[in-house]
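Enquirer: Residue numbers for the sequence shown follow full-length UniProt numbering, beginning at 1 and rising by one.
Attaching a single structure in C-alpha cells format; questions to follow.
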Amino acid sequence: MGQESHWDVAFHAIQDAVMILDPEGRIVSCNRATQEMFGVREEEILGRPCWQVIHKIQDPTGKCPTVRARSSLRRERAEIQVGDRWFLADSHPLLDRQGRLTGIVHIVSDITEKKKTEDALSRSEERFRSAMGAARDGIWEWDVPTGKVYYSPAYARMLGYDVGEFGDVVTAWIDHVHPEDRERALEANRRCIDNEVPHFSVEFRMRTKQGGWKWILARGKAVRRDPNGKALLMIGTHTDITQLKLSQEKLLLQSWLGAALANITRVDDVLGWVVEAVVRATGMDCGAAYLWDAQNERLSLFHQVGLPEEWIASMGTLDEASELYRLASPGTPHYIDCGKLNLPRSGNGGAGGLQAVAVVPLSYDRQWVGCLIMGSRSCAEIPEETRHFLESVAAQLGNALGRVETRQRLAESRRQYRTLFDVAADALFVVDQDEGSIMDANQAASKLLGISRGELIGAPWEHVWGGHLDFAQWARDMEAGTTGDSIFAQVTLLNRTGDPVPVEISARSLDLDGHRVLYISARDIRERLQAERERRALEEQLRQAQKMESVGRLAGGIAHDFNNLLTPILGYAEMILASLEGEGPWKSYARSVRDAALKAKSLTGQLLAFSRRQVLEMRPVDLKASVQHFHDLLRRAVREDIQIRLSLPEEPVVVQADLGQMEQVLMNLAVNAQDAMPSGGTLAIELKSRNFLDEAEIPVTGLAPGRYAVLTVADTGTGMDKRTLERIFEPFFTTKGEGKGTGLGLSTVYGIVEQHQGRILATSLPGMGSAFEIYLPQLAGSTACTGPEGTDSCSMVHGKGETILLVEDDDMVRELAFSMLQSLGYHVLEAASPPHALQRSEALRTPPLLLLTDMVLPEMNGKDLYNVLKKRWPDLKVIYMSGYPEEIEAANDHGPGGPAFLSKPFTISQLSRKLSDVLGK
1 MGQESHWDVA FHAIQDAVMI LDPEGRIVSC NRATQEMFGV REEEILGRPC WQVIHKIQDP
61 TGKCPTVRAR SSLRRERAEI QVGDRWFLAD SHPLLDRQGR LTGIVHIVSD ITEKKKTEDA
121 LSRSEERFRS AMGAARDGIW EWDVPTGKVY YSPAYARMLG YDVGEFGDVV TAWIDHVHPE
181 DRERALEANR RCIDNEVPHF SVEFRMRTKQ GGWKWILARG KAVRRDPNGK ALLMIGTHTD
241 ITQLKLSQEK LLLQSWLGAA LANITRVDDV LGWVVEAVVR ATGMDCGAAY LWDAQNERLS
301 LFHQVGLPEE WIASMGTLDE ASELYRLASP GTPHYIDCGK LNLPRSGNGG AGGLQAVAVV
361 PLSYDRQWVG CLIMGSRSCA EIPEETRHFL ESVAAQLGNA LGRVETRQRL AESRRQYRTL
421 FDVAADALFV VDQDEGSIMD ANQAASKLLG ISRGELIGAP WEHVWGGHLD FAQWARDMEA
481 GTTGDSIFAQ VTLLNRTGDP VPVEISARSL DLDGHRVLYI SARDIRERLQ AERERRALEE
541 QLRQAQKMES VGRLAGGIAH DFNNLLTPIL GYAEMILASL EGEGPWKSYA RSVRDAALKA
601 KSLTGQLLAF SRRQVLEMRP VDLKASVQHF HDLLRRAVRE DIQIRLSLPE EPVVVQADLG
661 QMEQVLMNLA VNAQDAMPSG GTLAIELKSR NFLDEAEIPV TGLAPGRYAV LTVADTGTGM
721 DKRTLERIFE PFFTTKGEGK GTGLGLSTVY GIVEQHQGRI LATSLPGMGS AFEIYLPQLA
781 GSTACTGPEG TDSCSMVHGK GETILLVEDD DMVRELAFSM LQSLGYHVLE AASPPHALQR
841 SEALRTPPLL LLTDMVLPEM NGKDLYNVLK KRWPDLKVIY MSGYPEEIEA ANDHGPGGPA
901 FLSKPFTISQ LSRKLSDVLG K
C-alpha cells in the first residue's frame, strides 16, 4: 500500500463523514468523506469545532450530540437539518482508564434521501386511506407492533357489521376465523411478517354477525419493515368467494371422492373435508362425523360443521343411553323427523331449529367404524336422491376408514420403534452376529463416529471396533451366557478419521426371526473424561493458589512489621547525613546505614509484590540505571553456568513506572529463562529507545505512535512451539512438571506491563531460544533520580510554622516524624492514639493545616479519625502512613484522586514532597 497504512485506507474508505475530536469538540482528524460532504478542505476543518463545519454556526445548539456526549460521557445521536439537507450525527466519547474524556469520534451520515422517501411514503399512505372507503373488497391495514388494525367499511359490511362495529385490533379478525382455518391463516401472515415471503394469499372461512360462515380470499404484504426484516406495517384485502367455493366443492366431491378415499392414509386427511363437502353438495344445513371409540365403547364427535351449540355441548359423545347411538348402530340408515327424537331443544323449535336428521352408519368388514349425521332446517323429510347419495358416500367412507385404521395400527407400531431408536441420545447399533456387519444405526451413532447412516449400514463392525478386544470372541462369549442378559464395558470405537472415541457400551444378544443379532448401545464419555481431567487440574490449581495465598499473607505481614522497623532507621540515617558537613568516616557510616535501609525497603517491596499487595508508586524511572543497579541482584539469583549480557544505551531512558514492579518483571523473566537453559547458556538483556512515527511500524497492537522504551530479555534455551507460545501468559499455565511451577510468573509479568500502559511480545522457536520484548511509553523531557531512592538532590520545600497534627502509635516512628516535621519548619502537635489526638485538638484555637496519621491505630483507624476531625475543620487535609498497602483500601473514598498516602519507610525528602503535593506548595 505504499506509504499509506491499512488504517488510513480504511479510514478514508468510509463513506460517512468521520471526525476525531479533542475533548473540547475541535476537529483533530477527518476522512475524505468529511471534506466531500461539506465541501471544505482538510486545512479548513482541522482545529475548528464540528458545529462550525456542519451547521455553519459559531455556538452549538441544544441538540448537538457532541455537546451532550461531552457531558454524559455516553454515545449520543441526533437528526439535524441543515438547509434542505438532513444528517444523522453520532458522537462516541473516548475515555481513559480513569473514565476521563480524551476525545470524541463524531460520525455524520447524509439521510436526506431517506427523509424524502419517508415523506413520500406518508403522502402515499394518506392517498391509500382515501381510496379505501370506495373499494368493494374489504381492505385492512395492520400496525404489527401495536396490534392495531384499520378495517374498511366494505370489510365490516362483508361480515354483516356496521362501520366501526367490528373493532380495531387484530384479535377481532383472529376470533372470526374458522377454528379449522385459523392456524393456516396465521401461518401465512407469520411467514410474510418474518420476511420468508414478500406477500401472501390464503383462503379461509370467517364467521358472520348472523352466525354463518363465508369463504374469504385474503391477500396481503408488508409495506414497512425494521432493520432485521420484521414487518412493521401490513396492508391487504379480503374478497368474498363463498359462492365460488361451494361450486368448487360440489364438483370436487363428485369427481374425486372415490379416488381420494382409496388413497387416504389418515382419517385426518379426508374425513373433515368429506363432511363439509357433503353438507354443501346436498344442501343440508349441518353435518357431523362420529367415530367409534372401542376402548370406551361410545361414539365420539370427530368433525362437525354447522351443528347447533346445544347439540355440541350435550352430544359430543354418544353412548348406549342415547337414542342417536341406537339409530347409528351397524345396519340400516335412518331418516327421521326431529319432532320424534329426544334431542336438545332451542328457541327456534326442534333440535336447534332442525326439521329432519339423517343418521347413516359407517362400517368396514362388518365392524362398526362410526356414523354420519346430517341435518336440515328447511325440509321435514330428506329427499330420496340425497339418501342414496349419503349411503353411497357412507359405504365408501366406511371402507376407507377401516383400511386407514388397519394401516395406522401397523404404522404406529413401527413408528414407535423407529422413534425410540432414532431419538435415543446414545449411539445404537444392530449388528449381525454371524456376519459381523452393521444392520442398522441411529442418528446418534452417525454423529458420534462422523459417518453417515447410509455408510454405516452394511459396513463390517470391525471398521468401528477399536481392535483392543477380539470382537468375534467377545460376541461368542456373550452368546454363551443367558439369552437376553446384557453386558457392560468401557471400550474405544474408531471414527471416520480413525481417531479413538472412548465409549461406555451395553450389549445384548437376541434372536430375530431365527437370526442372532447384537443390540449395542454406546454412550460417548469424552466429556465426562475431560471433565474429570479438568476437575483434577482445577483441584491442583486450587491447591497451588491456596499455597500462594498463604505465602502471600505471610510475606505481607512480615513486610508490614519490617517497614515499621525500617522507618526510624532510614529516617534518622538520612537526617544524620544531612547534619554532617564534609566527608569523613561518620558520614560514610551513616551513608552505609542509609543504603542498607534502602535495600531492605526494596526487599519488602519485592515481598509485597510477590504477595500482590503492592500499591503502584508511579514516578519517572531511568530504566538504564535500574537495569544496571539490578544486575548485581540478578547475578546472584541465576546459576553460575548462565552468562548475563547487558546492552544499554548511552543516554538515560526514562519511563513512568513503579521501580519495584519493573524489577519484578526482570526477575520473573530471568528465572523463566534460567529454567529454559538447564545446561547453561546466555541471558541477554537489551534496552533501547525507539520512535515510531506510524502505528503500522509498531510490532505490537494497541499502542499509538510515539517514543517507546524497548526492554528485551532473551535466552538461548530450549524454546517453545507455537501452541505453547499462544498460552504462556495464561494464569496457571506451565510447561514444568507437576509441583515444579505455579504458572503465575509470566502472567504476573503480563499484568504488570499492562498496568504500565505497555505491551509485551513473545517470540520463540523450538531449539532456538525465546525473547520477550516489552514496550513502555517513554517520557519526553523528563528526568529521573539516578541514585538509590532517598539520595536525590531535589530541593525540599519547608514550612512556615504551620500546625500539623501527628498521630502514630509506634513511638520510634512518631519521634522520627516529629523530628522531620520540625526540621522542615512545621509546628507539630503529636499524639499516640486517636483519643489523645481528639483531646489535644480541643485545646487548639486555630485549626491544624494537616493531619499526618497512621492508618491502623488503637480504638479508631486513621480514616475514622480524619472523618471526625473533618466535621470540626472541613478544610483539614490528610496524609495516611502505612507499611502495609492493604490498610489504605478503606480510605479510597476521599475523592477522584484518592487519599494521599506515604509508604513506610520514608525519607525526609519523600515526606517533604508529599507535604508539598498535598498542601499545594
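All C-beta atoms, glycine included, are put in the ideal place defined by N, C-alpha and C.
The structure presented is a predicted model; accordingly, all values stated were derived computationally and were not measured.
Specify the secondary structure class of P383 as computed by DSSP and reduced to three states.
Expert: Within the sequence shown, residue 383 is the residue found at index 383, counting from 1. Looking at P383 - three-state DSSP - the assignment turns out to be coil, as it is neither helix nor strand.
Enquirer: Would you mind sorting D162 into buried or exposed? The rule is 16 or more other CB atoms within 10 Å of its CB.
Expert: Stepping through the sequence shown from its first residue, residue 162 is reached at position 162. By the 10 Å Cβ count, D162 comes out exposed.
Enquirer: Verify whether the separation of the beta carbon atoms of A427 and S486 is less than 9 Å.
Expert: Along the sequence shown, read from residue 1 onward, the residue named residue 427 stands at position 427. Along the sequence shown, read from residue 1 onward, the residue named residue 486 stands at position 486. Result no, Cβ atoms of A427 and S486 do not sit closer than 9 Å.
Enquirer: Take every Cβ of the segment 716-730, pair it with every Cβ of the segment 22-37, and state whether three or more of those distances are shorter than 8 Å.
Expert: Output reads no: the segment 22-37 does not touch the segment 716-730.
Enquirer: Following the continuous beta strand (DSSP E) through A696, name the residue where it begins and the one where it ends.
Expert: Stepping through the sequence shown from its first residue, residue 696 is reached at position 696. Unbroken run through A696: none, as it is neither H nor E.
Enquirer: Express the C-alpha separation of L538 and residue 927 in angstroms, rounding to a whole number.
Expert: In the structure as shown, the chain starts at 1 and stops at 921, and residue 927 therefore has no counterpart that could be examined.
Enquirer: Please return the same chain residues whose Cβ sits closer than 7 Å to the Cβ of R516, not counting the five positions on each side in sequence.
Expert: By 1-based counting over the sequence shown, the position of residue 516 is 516. Result list for R516: Q433, D434, E479, S509, in chain order.
Enquirer: Using the Cβ count rule (16 or more neighbours within 10 Å means buried), how would you classify R528?
Expert: The count along the sequence shown starts at 1 and reaches residue 528 at position 528. Label assigned to R528: exposed.
Enquirer: Are the CB atoms of C30 and I45 within a distance shorter than 9 Å?
Expert: On the sequence shown, residue 45 is found 45 positions in, with the first residue counted as 1. On the sequence shown, residue 30 is found 30 positions in, with the first residue counted as 1. Their beta carbons are under 9 Å apart, which means I45 touches C30 by this criterion.
Enquirer: Considering only their Cβ atoms, is the gap separating A590 from L580 smaller than 9 Å?
Expert: Taking the sequence shown and counting its residues from 1, one reaches residue 580 at position 580. Taking the sequence shown and counting its residues from 1, one reaches residue 590 at position 590. Cβ atoms of L580 and A590: closer than 9 Å.
Enquirer: Assuming contact is defined by CB atoms lying nearer than 9 Å, are S770 and A684 in contact in what I supplied?
Expert: For the purposes of this step, residue 770 is identified with residue 770 of the sequence shown, where counting begins at 1. For the purposes of this step, residue 684 is identified with residue 684 of the sequence shown, where counting begins at 1. Contact: no.
Enquirer: Quick one: is D90 buried, meaning 16 or more other Cβ sit within 10 Å of its Cβ, or exposed?
Expert: Taking the first residue of the sequence shown as position 1, residue 90 is located at position 90. D90 should be labelled buried.
Enquirer: When the Cα atoms are used, what is the spatial distance from G349 to G339?
Expert: Taking the sequence shown and counting its residues from 1, the one referred to as residue 349 is at position 349. Taking the sequence shown and counting its residues from 1, the one referred to as residue 339 is at position 339. With a pLDDT of 43 at G349, under the threshold of 50, the modelled position of that residue is not reliable, and the figure given next carries that caveat. Taking the straight line from one Cα to the other gives about 9 Å.
Enquirer: Tell me whether D119 sits in a helix, a strand or coil according to DSSP, three-state version.
Expert: The count along the sequence shown starts at 1 and reaches residue 119 at position 119. Helix at D119.
Enquirer: Tell whether a beta-carbon distance below 9 Å holds between V360 and I336.
Expert: Counted from its first residue, the sequence shown places residue 360 at position 360. Counted from its first residue, the sequence shown places residue 336 at position 336. The answer is no: Cβ separation not under 9 Å.
Enquirer: Taking Cβ positions, are G706 and P766 nearer each other than 9 Å?
Expert: The residue given as residue 706 occupies position 706 in the sequence shown. The residue given as residue 766 occupies position 766 in the sequence shown. No. Outside cutoff.
Enquirer: Quick test of your reading: A657 and L542, contact by CB under 8 Å. State the CB separation rounded to the nearest angstrom.
Expert: Translated into positions along the sequence shown, residue 657 becomes position 657. Translated into positions along the sequence shown, residue 542 becomes position 542. So it is not a contact: roughly 33 Å between Cβ atoms.
Enquirer: Can you tell me the Cα-Cα spacing of E310 and H334, whole angstroms?
Expert: Stepping through the sequence shown from its first residue, residue 310 is reached at position 310. Stepping through the sequence shown from its first residue, residue 334 is reached at position 334. Distance between the alpha carbons of E310 and H334 is about 22 Å.
Enquirer: For E830, which three-state DSSP category applies?
Expert: Indexing the sequence shown from 1 puts residue 830 at position 830. Three-state result, E830: strand.
Enquirer: Apply the 10 Å Cβ neighbour rule to C64 and answer buried if 16 or more other Cβ atoms are within range, or exposed otherwise.
Expert: Against the sequence shown, residue 64 aligns to sequence position 64. Looking at its Cβ environment, which holds 16 or more other Cβ atoms inside 10 Å, C64 is buried.
Enquirer: Which residue from P383, E405, L372 puts its Cα closest to that of D365?
Expert: Here the question's residue 365 lines up with position 365 in the sequence shown. Closest option to D365, Cα to Cα, is E405.
Enquirer: Can you have a look at I174 and say buried or exposed, based on whether 16 or more other CB atoms are within 10 angstroms of its CB?
Expert: For the purposes of this step, residue 174 is taken as the residue at position 174 of the sequence shown. Exposed.
Enquirer: Kindly indicate which three-state DSSP category A441 falls into: helix, strand or coil?
Expert: Here residue 441 refers to the residue found at position 441 when the sequence shown is read from its first residue. The answer is strand: DSSP assigns A441 an E or B state.
Enquirer: Taking 9 Å as the CB-CB limit, is I774 close to chain C?
Expert: Among the chains of the structure shown, chain C does not appear; only one protein chain is present.
Enquirer: CB-CB under 6 Å to D810, same chain, minus the five flanking residues each way: which ones, in chain order?
Expert: As a first step, residue 810 is located in the sequence shown; it is residue number 810 there, counting from the start. Closer than 6 Å at the Cβ level, and outside the excluded window around D810, lie N564.
Enquirer: Going by C-alpha distance, which of P49, D84, V671 is nearest V67?
Expert: The sequence position of residue 67 within the sequence shown is 67, counting from 1. Out of P49, D84, V671, P49 has the C-alpha closest to the C-alpha of V67.
Enquirer: Residues bridged to V430 by DSSP?
Expert: Taking the sequence shown and counting its residues from 1, the one referred to as residue 430 is at position 430. In the DSSP output, where bridge partners are listed per residue, V430 has D440, Y519.
Enquirer: For the segment 805-822 against the segment 749-768, are there 3 or more C-beta pairs whose distance is under 8 Å?
Expert: Contact between the segment 805-822 and the segment 749-768 is absent, because fewer than three Cβ pairs lie under 8 Å.
Enquirer: Helix or strand or just coil, what does DSSP make of A356?
Expert: Taking the first residue of the sequence shown as 1, we reach residue 356 at position 356. Of the three classes helix, strand and coil, the one that applies to A356 here is strand, per DSSP.
Enquirer: Which runs of the beta strand (DSSP E), 3 residues or longer, sit entirely within the segment 222-246?
Expert: Whole beta strand (DSSP E) segments, 3+ residues: 231-240.
Enquirer: Please name the residue in T208, D194, G236 whose C-alpha comes closest to that of V202.
Expert: Your numbering for residue 202 matches position 202 in the sequence shown. V202 has its Cα closest to that of G236, out of T208, D194, G236.
Enquirer: Among P198, K209, G398, V813, which residue has its Cα nearest to the Cα of F562?
Expert: Along the sequence shown, read from residue 1 onward, the residue named residue 562 stands at position 562. The shortest Cα separation from F562 among P198, K209, G398, V813 belongs to V813.
Enquirer: Give every residue of the same chain whose Cβ lies closer than 6 Å to the Cβ of L324, excluding the five residues on either side of it in the sequence, and list them in chain order.
Expert: Counted from its first residue, the sequence shown places residue 324 at position 324. Correct list, in chain order: L318.
Enquirer: S506 to D721, Cα distance in whole Å?
Expert: Counting from 1 along the sequence shown, the entry for residue 506 is found at position 506. Counting from 1 along the sequence shown, the entry for residue 721 is found at position 721. Between S506 and D721, the C-alpha separation is close to 42 Å.
Enquirer: So, under 8 Å CB-CB, D168 and Y150 are touching, yes? Tell me the CB distance rounded to an integer number of Å.
Expert: Taking the first residue of the sequence shown as position 1, residue 168 is located at position 168. Taking the first residue of the sequence shown as position 1, residue 150 is located at position 150. Yes, they are in contact, since the Cβ atoms of D168 and Y150 sit about 7 Å apart, within 8 Å.
Enquirer: Quick check: F818 and E802, are their CB atoms within less than 9 Å of each other?
Expert: For the purposes of this step, residue 818 is taken as residue 818 along the sequence shown, with counting starting at 1. For the purposes of this step, residue 802 is taken as residue 802 along the sequence shown, with counting starting at 1. Contact flag unset, no.
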